[in-house]
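All residue numbers in the sequence shown are consecutive under my numbering, ending with 342.
Ideal Cβ placement from N, Cα and C applies to all residues, glycine included.
Notes follow the structure.
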Amino acid sequence: MEPVFLLSLPRSGSTLLQRMMASHPEIATTSEPWILLPLIYAFREEGVVAEYEHHNLAQAMNDLCDQLPNGKEDCFLEMKEMVSNIYEKLGGGTAYFLDKTPRYHLIVDEIRQLYPDSKIIILWRNPLAVAASMIETWGKGKWNLYWFSVDLYKGLANLVKFYAENNENVLAIQFEEYVKNPDIYNNKLFEYLGLTNQEKISDKFTDINLNGRMGDPTGVKEYSSVSDESLNKWRKTMSGPIRKIWCRRYINWIGEERLKVMGYRKSEILDQLDSDPASIHTFLSDIIRICYSPIDKYIKKKLFRY
């Protein structure tokens, strides 16, 4: 049994792809394991708030590793053995265990260090569609992106950098292209994993139930088939004048080069953004909620030592 990692930003459609892959009899999975995050962050002094004073723990862990014959490498080997044993038990004899944990974008380099030969799949999605889905799913249509800056900025930059440096042995898929041609991309997926594609597997994913409280219950309930009908929903969500300004700044921050690595064109995304007239129905709410942003950043900086 080998682990395979599905990496993406939250709200990129990874649950759909996970369920599709889990339809194959040689791939096991569970909702979202998250297991590697606390293990890797045990060595990081920043990014965690805990009543035991996490930065002290990180210092102690690094000091402990300094006493080992091979330093942190010895710790990583033991961590890998423990996690692999858990994957093995979850896999139940399958060829692969699929770990789909969106916040792994924070530890992507360590995952490659732990599992240098593992299969890694990166799922891209139009960044504005990702942001819009965060607003709709977790904000019920109200502005809330100040809660997800770690994903939208740090996470995206990490994934782009990782893929640019490892594109020869990492499989990248665009969500937009996948939902248009699932059978074609399923062939690519299973070929990448060295598995035989199963007949009509795109019709079987609805039978997959993911155990666990994490994941995307919204998509599981709403979508019983693969469809590209939702691809332009983000344009309505982002139609407010304040939101359009944010979107343009965000796309400019990502930049042409990063978007090119992801397979998108900056001009095309901005043209789509500008093609719809602005709507003022969220204007007042957005103004009020955007005022939260600097306060939220200050609190996080103090708590998480960013």
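Apply the 10 Å Cβ neighbour rule to K333 and answer buried if 16 or more other Cβ atoms are within range, or exposed otherwise.
In the sequence shown, the residue the question calls residue 333 occupies position 297. With fewer than 16 Cβ atoms within 10 Å of its Cβ, K333 is classed as exposed.
Helix, strand or coil: which one does DSSP assign to L246?
On the sequence shown, residue 246 is found 210 positions in, with the first residue counted as 1. Of the three classes helix, strand and coil, the one that applies to L246 here is coil, per DSSP.
DSSP state of T51, grouped into three classes?
In the sequence shown, residue 51 corresponds to position 15, counting from 1. Residue state, collapsed to three classes: helix.
Nearest-angstrom Cα distance between E227 and I335?
One-based indexing of the sequence shown puts residue 227 at position 191. One-based indexing of the sequence shown puts residue 335 at position 299. Those two C-alpha atoms are separated by around 46 Å.
In this structure, how does DSSP classify Q234 when only helix, strand and coil are distinguished?
In the sequence shown, counting from the first residue as 1, residue 234 sits at position 198. Coil at Q234, not helix or strand.
So W270 and A165 are in contact, right, with Cβ under 8 Å, and what is the actual spacing, rounded?
Along the sequence shown, one-based indexing puts residue 270 at 234. Along the sequence shown, one-based indexing puts residue 165 at 129. That pair is a contact at about 4 Å.
Which class does Y123 belong to by DSSP, given the choice of helix, strand or coil?
Along the sequence shown, one-based indexing puts residue 123 at 87. Looking at Y123 - three-state DSSP - the assignment turns out to be helix.
Could you pull the start and end residues of the beta strand (DSSP E) that L133 belongs to?
Residue numbering aside, residue 133 sits at position 97 when the sequence shown is read from its first letter. The sequence given here places Phe at residue 133; Leu does not occur at that position. Unbroken beta strand (DSSP E) run through F133: Y132 to K136.
Answer with buried or exposed for T318, where buried requires no fewer than 16 other C-beta atoms within 10 angstroms of its C-beta.
As a position in the sequence shown, residue 318 is number 282, starting the count at 1. Under this definition T318 is a buried residue.
Does the Cβ-Cβ distance between K224 and D264 come in under 8 Å?
Residue mapping note: residue 224 aligns to position 188 of the sequence shown, counting from 1. Residue mapping note: residue 264 aligns to position 228 of the sequence shown, counting from 1. Going by C-beta atoms, K224 is not nearer than 8 Å to D264.
Over what stretch of residues does the beta strand (DSSP E) that includes T65 continue unbroken?
Start at 1 with the first residue of the sequence shown, and residue 65 comes out as number 29. Per DSSP, T65 belongs to the beta strand (DSSP E) from I63 to T65.
How far does the alpha helix (DSSP H) with I143 in it reach, from first residue to last?
Taking the first residue of the sequence shown as position 1, residue 143 is located at position 107. I143 -> no alpha helix (DSSP H), and no H or E assigned at all.
Within 8 Å, do at least three Cβ pairs link the segment 59-78 to the segment 119-129?
Flag = yes, the segment 119-129 and the segment 59-78 touch.
Residues bridged to A208 by DSSP?
Stepping through the sequence shown from its first residue, residue 208 is reached at position 172. BP columns for A208 point to I158.
Counting beta carbon pairs with one atom in the segment 269-287 and one in the segment 157-173, are three or more of them shorter than 8 Å?
Verdict: yes, contact present.
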